[in-house]
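Under the numbering used here, the first residue of the sequence shown carries the number 821, and numbering increases by one thereafter.
Don't be surprised by glycine CBs; every beta carbon is placed ideally from N, CA and C.
Below is one structure; the comments refer to it alone.
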Amino acid sequence: MRKFRNIAAAGLAASALFALAACNSGTPGDAPEQDVAEDVALEGSPTYDAAVEAGEISIGVKEDQPGLGYFDATTGDRTGFDVEIARWMAAELGFGEDEINWEAIPSANREQALVNGDIDFYVGTYSITDERKEQIDFAGPYFVTGQGLLVSADSEIESDADLTSDVTVCSATGSTPIQNIRDNYDAETREFDTYTACVDALLAGTVDAVTTDELILIGYAAAYPEDTKIVGEPFSVENYGIGVPKGDDALRGFFNDTLEEGGDTWTAIFDQELGDAGVTPEQPAVDRY
Ligand code: GLU
């Protein structure tokens, strides 16, 4: 399916390859550098054809979620598990870093960005749901996590059972976690565009808890270890997919093939980006719905 530019490196174990690439490159954040495919066999994808024509690929991401999708404005580094999955997919499509147009898009605007053609695909803690599938399609899943709770270090909230009507929970507009709280819990809700804004509200004491995927909360908890803690067990199942324009089955199939065939690459990316997060590296089977 792909041809490595560095043929000699192609035979090396993925981890060695990544270590090598990381040393040799100026890749942001010392992330593993992907080999950009030269002979790409992808027929019948309008999204891919348009990107080739444009000479660049537009990828929607988060940029305020440490460990997953993060942009450091000081260094210019874009890092995280989702970002690296996105770079991997782009590289398999033949697009290197200088041919990627990164677009930061919040949870509430993802479907519309894909429907409008503002982006070619989206990688950013994007749960596969039937409702979203009415507007877009998903490759993957490439990771499974669940909704969790971040509270202040001295909070008495211990689990989702404590989300009673006197508690205010913050989450992002248009996300599955806020919907779950509204549908199934008595707690008051507060919404912002980003989880960062919720964490700021938690630190300011204006909300009692932040809820979203535990994988996201781990990144914030690590940023504020003195002031926050994660409590309880995950109380939903979130399957992360790569959002693609609806009906582009060729692109979806290409990403699914890449995920399925690229277990070593997946593991190398996981180790690099989330190796310290205390999460089990388990690549889920893709769902070719
Ligand atoms: N995975 C959840 C969702 O897709 C929450 C994280 C997010 O908002 O990106 O809604």
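Here the distance from the Cβ of D957 to the nearest heavy atom of the ligand GLU is not below 6 Å.
Between the alpha carbons of M909 and G960 lies a gap of roughly 12 Å.
A1024 sits in a helix when the DSSP states are folded into three classes. Judged by DSSP secondary structure, L1035 falls within the alpha helix (DSSP H) whose first and last residues are 1034-1043. One thing to note: L983 has its Cβ within 7 Å of the Cβ of Y1005.
Three or more beta-carbon pairs separated by less than 8 Å are not found between the segment 1009-1019 and the segment 1070-1084, which leaves the two stretches without contact. Set against 6 Å, the gap from the CB of A992 to the closest heavy atom of the ligand GLU is smaller. If you ignore the 5 residues before and after G880, its C-beta comes within less than 6 Å of the C-beta of E923, I925, A933, I939, Y942, all in its own chain and listed in chain order. Here the alpha carbons of R1108 and D1077 stand approximately 10 Å from one another.
With contacts defined by Cβ atoms closer than 7 Å, D884 and T1032 do not form a contacting pair.
In this structure N921 is not in contact with S865, their Cβ atoms being roughly 18 Å apart against a cut-off of 8 Å. A residue is called buried once 16 or more other Cβ atoms fall within 10 Å of its Cβ, and E976, having fewer, is exposed. Cβ-Cβ separation between L1037 and I1050: approximately 5 Å, consistent with a contact (criterion under 8 Å). Contact between V1030 and S991 is confirmed by a C-beta separation of about 7 Å, below the 8 Å threshold. Taking the Cα positions, K882 is about 21 Å away from K1066. Per DSSP, reduced to three states, the secondary structure at I925 is coil, with no helix or strand assignment. Relative to T993, the option among A1021, A1088, A928 whose CA is nearest is A928. Ranked by Cα distance from A906, the first of E1102, G1063, T949, A1097 is G1063.
Along the length of the segment 911-958, whole alpha helix (DSSP H) runs at least 4 residues long occupy 930-936, 950-953, reported in chain order. For P1065, the enclosing beta strand (DSSP E) begins and ends at 1058-1065.
One alpha carbon belongs to G875, the other to A911, and they sit about 13 Å apart. Sixteen is the threshold: when 16 or more other Cβ atoms of the shown chains lie within 10 Å of the Cβ of R898, as they do, the residue is buried. Going by beta carbons, V1019 and I1001 fall outside the 7 Å limit. If you look at A871, you'll find it in the alpha helix (DSSP H) that goes 866-874. T1014 has its CB no nearer than 6 Å to any heavy atom of the ligand GLU. Annotated three-state conformation of P1054 is coil, per DSSP. Apart from sequence neighbours up to five positions away, the residues of its chain that approach D1028 with a beta-carbon distance below 6 Å are V987, T988, ordered along the chain.
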